Amino acid sequence: MAAIFSLIEVFRVSRIDVENTKSDRENMLEGLSLLLLVLLWIPVVILSTTPGGSSSLVGNAYFFTWFTTVVVIETFVWWIRDWRKGIHDVVRLQEEEYQRAQREVLRKFKLAKAAAAEAGGVSTG
Numbered sequence: 019m020a021a022i023f024s025l026i027e028v029f030r031v032s033r034i035d036v037e038n039t040k041s042d043r044e045n046m047l048e049g050l051s052l053l054l055l056v057l058l059w060i061p062v063v064i065l066s067t068t069p070g071g072s073s074s075l076v077g078n079a080y081f082f083t084w085f086t087t088v089v090v091i092e093t094f095v096w097w098i099r100d101w102r103k104g105i106h107d108v109v110r111l112q113e114e115e116y117q118r119a120q121r122e123v124l125r126k127f128k129l130a131k132a133a134a135a136e137a138g139g140v141s142t143g
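In this note's numbering, the protein residues as written are 19 to 143.
#1: According to the neighbour-count rule (16 or more other Cβ atoms, all chains shown, within 10 Å of its Cβ), is Thr-86 buried or exposed?
#2: So Leu-57 is in the alpha helix (DSSP H); what residue range does that whole segment cover?
#3: What does a CB cutoff of less than 6 Å around Phe-94 pick up in its chain, not counting 5 residues either side in sequence?
#4: By the 10 Å Cβ neighbour count, where 16 or more other Cβ atoms means buried, how is Glu-48 classified, buried or exposed?
#5: Just verifying my parser: in three-state terms, what is the DSSP assignment at Ser-74?
#6: Taking just the CA atoms, how far does Leu-58 sit from Asp-100?
#7: Whole-angstrom Cβ separation of Thr-83 and Val-63, contact assumed at under 8 Å?
#8: Fully enclosed by the region 85 to 111, which beta strand (DSSP E) runs are 3 residues long or longer?
#9: Note down, in chain order, each residue of its chain lying with its Cβ closer than 6 Å to the Cβ of Arg-118, except the 5 sequence neighbours on either side.
In structure tokens, the structure reads:
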């Protein structure tokens, strides 16, 4: 599974200064795969590194297993961070659009008010 994601990322067409070119489906698939990996990896680590477990008998396997656990969890945390950043960017863009629309309405209101005052001043004067 990791090899497939690695190959996809290596051969992904990317442009300079573009943060993310993944589709929503790819992001969700990646997140679900990482969540599944974390949920399945933690019990494996616990069982294999307990006294008498397969990794506890070989020193390098013990440390490699824990190192891999840290990397898997860190990768999942970074995915969550990127996912939240994407949500924040969408909300920020919507807020900017809303504020732009507010400014436009205020500008039109002021122009209409000024035109009404000018028309009122001409008819009374």
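Here a beta-carbon is modelled for each residue, glycine too, at the ideal position from N, C-alpha and C.
This one's a predicted model, so the numbers in the text were calculated from it and none came from an experiment.
Straight from the coordinates:
#1: exposed
#2: 42 to 67
#3: Leu-52, Val-56
#4: buried
#5: coil
#6: 22 Å
#7: 5 Å
#8: none
#9: Annotation for Arg-118: no residue places its beta carbon closer than 6 Å to its own, counting only its chain and skipping 5 residues before and after.
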